[in-house]
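Enquirer:
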Amino acid sequence: MQADGYSLDDKRNPLDATKHEHNNLPDIRQRWQHRGKEADRVRTEQSFLVPKAEIAGNDYDLSINRYKQAVHVATQYDPPQKILAALKVLEAEIMQGVEELQGMLR
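Read the sequence shown against the UniProt record's numbering and you will find it ends at 106, with the numbers running on by one and no gaps.
(1) Mark residue 65 as exposed unless 16 or more other C-beta atoms lie within 10 angstroms of its C-beta, in which case mark it buried.
(2) Roughly how many whole angstroms lie between the Cα atoms of residue 105 and residue 18?
(3) Classify residue 13: buried if its beta carbon has 16 or more other beta carbons within 10 angstroms, exposed otherwise.
(4) Where DSSP assigns a beta bridge to residue 14, which residues make up the other side?
(5) Along the chain, which unbroken stretches of the alpha helix (DSSP H) at least 4 residues long are found entirely within the segment 30-58?
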């Protein structure tokens with residue numbers, strides 16, 4: 001479960017219960033009632049089944065990270081030359097703003 005329908009701050013305000021990302025409880029209840037169909041879910045999904053024998057083999061360690069598989073997505077970055085060129089442009093804009101502010105103080 002990632003969300004229980006309330007904000008995670010100290011106020012715990014109710015969130016939009018119709019959005020799955022704000023309230024997983026209805027989904028959990030529905031999946032539990034139809035858990036026979038859950039056996040084919042892969043371990044990269046939000047919920048999945050783990051065989052009892054595997055849990056026993058791990059000394060009944062119920063840490064999610066022991067069973068959940070992470071999906072690693074490669075991130076494409078711009079070439080360093082392009083990033084540095086963009087930084088130069090930003091720095092020039094900042095310096096122009098600093099010079100304008102200094103002019104106002106004179």
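Each residue gets a CB set at the ideal place from its N, CA and C atoms; glycine is no exception. Please read these numbers as outputs of a predicted model, since none were measured by experiment.
Expert: Inspection of the coordinates gives the following:
(1) exposed
(2) So the alpha carbons of these two residues sit roughly 54 Å apart.
(3) Residue 13 is exposed by the Cβ-count criterion.
(4) Per DSSP, 6.
(5) You should have 52-57.
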